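The structure appears right after this line, and notes come after that.
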């Protein structure tokens, strides 16, 4: 899946002789998934430059709702490419991004700034009035409370929900990044005020598509979800890059490219979990578990959600493709999963009544028993035959979607 889980030389040899200009969508996605961002760009950088040379620039409007800017920070921490190279390489025109912009505000040197060059509020108004067909990157949830007014988030005296609605209707595609935008994440977590605040994800609120803001507002712009808290730079850069290059045609290719949660399957494979390529996996198979932090063994008993989390974190890795949460000593908390955080907490407590997602009994319990580890075999057997909470309701990761409110 990712560059750290494969033989780099072999992959480069396999893909380097392909004609990028004639590469179909399936081959493109295979290359993206297998090579990862840095090797992919190393292999095709000059070809990408030639490809975008004949294409018009892709305009990008990046809005921030209810969030902590964690995904923007994640993008700024990206390398090979960094965010500037990403924008240049794919010929992207970033129209608006409040974290990165240089506009000085309403007043400049004591005088009202009445031009879009100096006043970001005016700039956003002009974009919403005149621009069409851009890629809308949505970071952060959309406040719908109190009582359906949307007034719990106001930007420059304007209700953010109204700003988002105009931007979403004028976009060619919405790329929701991070758990706050994709499913509302911690904003929609169970609390005494969650219903009053009524924070919504773009297409889903937690696992419910009927509560996504696009459904509420009747917006039919296609949505691509790039999950995670935060999202990995590769996931965002390569998704937007594929759209800019026309390697993913919107909306025609989306039913095949995305899973039922609107996530790119190449990054969130339905048949693959973080657990499968975890460097601590061998300890699980032998029934060797940590009960306190700091040790090298499996983190299952410390609440690791890797067996339930569908993402390529273990092969793509983070921090310059060096490590990821379990490798760095922290149990996976399932931050890419639609119901996060409610569906995966308590984070650091073993789930006693849940089995391993997509785990074959013969390869887990059988191996442990064959090795004479009867206790480990019994542990694996108990984990495997007991169903996941969602399976008790007749649903799997790629199964029916009653709990998700159905596809939109």
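Numbering (this note's numbering), first residue to last: -8 to 399.
In this text, a Cβ means the ideal position worked out from N, Cα and C, and glycines have one as well.
Since the model is a prediction, treat every value here as computed from it, not as a measurement.
Spatial neighbours of residue i within its chain, please: CB distance less than 7 Å, with the 5 preceding and 5 following residues excluded, ordered by chain position.
| i | result |
| --- | --- |
| residue 241 | 163, 164, 213, 234 |
| residue 170 | 176, 218, 219, 220, 326, 331 |
| residue 321 | none |
| residue 369 | The predicted model places residue 369 with a pLDDT of 34, which falls under 50 and marks its position as unreliable; any figure quoted below should be read in that light. Answer for residue 369: no residue qualifies. |
| residue 79 | none |
| residue 60 | 90 |
| residue 279 | 288, 289 |
Judging by CA-CA distance, which residue of the options is the nearest neighbour of residue i?
| i | options | result |
| --- | --- | --- |
| residue 154 | 239, 23, 52 | 52 |
| residue 323 | 302, 304, 295, 341 | 295 |
| residue 223 | 254, 320, 149, 304 | 304 |
| residue 92 | 101, 79, 112, 77 | 112 |
| residue 132 | 55, 10, 307 | 55 |
| residue 166 | 144, 288, 186, 126 | 126 |
| residue 251 | 275, 227, 215, 268 | 215 |
| residue 458 | 89, 110, 85, 69 | A query on residue 458 cannot be resolved here, the shown segment of the chain reaching from -8 to 399 and no further. |
| residue 143 | 83, 261, 187 | 187 |
| residue 225 | 309, 102, 314, 161 | 309 |
| residue 35 | 49, 14, 47, 45 | 14 |
| residue 122 | 19, 145, 85 | 85 |
| residue 314 | 268, 128, 246 | 268 |
| residue 285 | 101, 146, 318 | 318 |
| residue 227 | 247, 259, 206 | 259 |
| residue 146 | 100, 101, 89 | 89 |
| residue 128 | 117, 161, 150, 103 | 161 |
| residue 47 | 148, 149, 124 | 124 |
Can the beta-carbon of residue i be found closer than 7 Å to that of residue j?
| i | j | result |
| --- | --- | --- |
| residue 115 | residue 87 | yes |
| residue 152 | residue 139 | no |
| residue 130 | residue 58 | yes |
| residue 229 | residue 40 | no |
| residue 232 | residue 81 | yes |
| residue 253 | residue 159 | no |
| residue 333 | residue 181 | yes |
| residue 62 | residue 168 | yes |
| residue 292 | residue 274 | no |
| residue 244 | residue 16 | yes |
| residue 106 | residue 83 | no |
Could you check whether the Cβ of residue i sits closer than 7 Å to any Cβ belonging to chain D?
| i | result |
| --- | --- |
| residue 63 | Given the protein chain composition of this structure (a single chain), no chain D is represented. |
Identify, in the order they occur along the chain, each residue of the same chain with its Cβ nearer than 6 Å to the Cβ of residue i, setting aside the five sequence neighbours on each side.
| i | result |
| --- | --- |
| residue 197 | 174, 179, 330 |
| residue 189 | 135, 136 |
| residue 373 | Because the pLDDT at residue 373 is just 36, under 50, the model does not fix this residue reliably, and the value given afterwards should be weighed accordingly. Contacts found: none. |
| residue 99 | 109 |
| residue 20 | 257 |
| residue 77 | 228 |
| residue 207 | none |
| residue -4 | Below a pLDDT of 50, predicted positions are generally treated as unreliable, and residue -4, at 41, falls in that range; no measurement from the model is reported. |
Can you tell me whether residue i is buried or exposed, with buried defined as 16 or more other CB within 10 angstroms of its CB?
| i | result |
| --- | --- |
| residue 24 | buried |
| residue 312 | buried |
| residue 184 | exposed |
| residue 328 | buried |
| residue 270 | exposed |
| residue 282 | exposed |
| residue 26 | buried |
| residue 10 | exposed |
| residue 344 | Residue placement at residue 344 is poorly supported in this model, since its pLDDT is 48, which falls under 50; the coordinates are not used for a value here. |
| residue 74 | buried |
| residue 172 | buried |
| residue 192 | buried |
| residue 65 | buried |
| residue 257 | buried |
| residue 71 | buried |
| residue 340 | exposed |
| residue 203 | buried |
| residue 30 | buried |
| residue 103 | exposed |
| residue 255 | buried |
Excluding the 5 residues flanking residue i on each side, which residues of the same chain have their C-beta closer than 8 Å to its C-beta?
| i | result |
| --- | --- |
| residue 8 | none |
| residue 12 | 38, 41, 42 |
| residue 18 | 9 |
| residue 337 | 294 |
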